[in-house]
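For the record, in the sequence shown the residue sitting at position 31 is 15 according to this note's numbering, with numbers rising by one throughout.
By construction, the Cβ of each residue, glycine as well, lies at the ideal position given by its N, Cα and C atoms.
The structure presented is a predicted model; accordingly, all values stated were derived computationally and were not measured.
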Amino acid sequence: MDMLLSASAEYFRPYAPASGGTYDKQRLDDFVLATKTWLLSAWGKQIIRAELHLDEMTPHIHAYLVPLDERGKLNCRELFGTSQKLQQLQDSFASAVEHLGISRGVRGSSATYMSIKKYYAAVNDDSQILDLSRSFPQINKHETADSYRQRVIDILNPQLEIINYQLGERSRLVKQHAQLKETAFKSEQLRQQLEAEILRLQVKTAQLQDLPQDLVAYELGLNNNKQLYTIAKNSLDLVMRINQCAFYDAAIWLRVSEAYRRYRFGEMAMLNAVAYHAVKQALPISKKPKQLCLYHQHHPLIAGPKLQIT
């Protein structure tokens, strides 16, 4: 038996629900962990495999279950044979992911499946205006009230269906517009914060004074050969490159000369060089935008042993 486990696009990509194929990595990881925990807790060794699919519009998990009853016999009807048992299954999974902010669908809903093509054909149809005086048919001679009532329903239902689809789609678009507006506001706030942080780092960098590279080059024995040290980003980077040493060793080298047992540039100069190097490293990182993840792969989550059923 194959179980399909997923959530709405609004959960996986709250800031871009219409961007099919993308998702927030942390939200996906949380969903995968909760689902895997539920599968193993509820079904144990009866789950022979579970796969995470990321190659369609919305992430989802296929779990393959061997429906064994208490006697160890294949019995799908015993486990899922009634609507009540299916509802219990749905309730159980809903409880497992409730802490993620995922709510269960309407219990006992009478909603039926409709193809995407048919749905959007109805949504894009011209708006319907019900003129009841013209929509009601003439009563046929000797026609019963029940027969006439059914004819009216048959005539009005298609028009009402289209109106309901259009109202539903417009409600969805209004909600999506509000979400996008909120997302744009938050993105603008984040952009302003990042710009302020970058400006702060730039000001701090301007205030910091790196050791003059020509003095550091002299101490390294490079003399006036600028070609050897102009490729370095700063004085600390120059020492690491020429001495082929780690960051910590380069900082010590700037501070003291062990050979002559004296200060080379001193503690304050070394600390300024370290701070200058750190800020220069941080600036490019702070400018990188955060992006949604996009992959096209299947990932096995659970791979159980081969079952032998006799």
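Annotation: L(-12) to P142 spans about 32 Å, alpha carbon to alpha carbon. Per DSSP, reduced to three states, the secondary structure at H46 is strand.
Per the Cβ contact rule, the stretch 2 to 10 is not in contact with the stretch 27 to 34 (fewer than 3 Cβ pairs under 8 Å). Comparing alpha-carbon positions, the option among Q176, R248, T42 lying closest to Y(-5) turns out to be T42. Under a 10 Å Cβ-count criterion, T19 is classified as buried, with 16 or more other Cβ atoms of the shown protein chains found around its own Cβ. The shortest C-alpha to C-alpha distance from Y48 to any of Q68, M(-15), I147, E82 is the one to M(-15). Taking the Cβ atoms as the reference, N218 lies roughly 51 Å from K159, outside the contact range of under 8 Å.
Within the DSSP secondary-structure output, M(-13) pairs in a beta bridge with A47. Around the beta carbon of P1, 16 or more other beta carbons lie within 10 angstroms, which makes this residue buried.
Within the same chain, L220, M254, A257, V258 come within 8 Å of A235 by CB-CB distance, once the 5 residues on both sides are set aside. Straight-line measurement puts the Cα of L185 at about 12 Å from the Cα of Q177. Taking C-beta separations shorter than 7 Å and ignoring five residues to either side along the sequence, the partners of E203 in its chain run R248, following chain order. Each of I182, S241, I139, T128 was checked against the Cα of P121, and the nearest Cα belongs to I139. Contact between L164 and L195 does not hold, since the beta-carbon distance rounds to 50 Å and is not under 8 Å.
Our two residues, N124 and Q134, have alpha carbons roughly 13 Å apart in a direct line.
Distance from the CA of I137 to the CA of E153, rounded to the nearest whole angstrom, comes to 24 Å.
Here I86 is buried: its Cβ has 16 or more other Cβ atoms, across all protein chains shown, within 10 Å.
Taking the C-beta atoms as reference points, L38 is found no nearer than 9 Å to V50. Membership of L238 in any beta strand (DSSP E) is not indicated; the residue belongs instead to the alpha helix (DSSP H) covering 231 to 239.
For A0, DSSP records no beta bridge to any residue.
For I32, the three-state secondary structure derived from DSSP is strand.
Buried is the label assigned to R(-3), since at least 16 other Cβ atoms lie within 10 Å of its Cβ.
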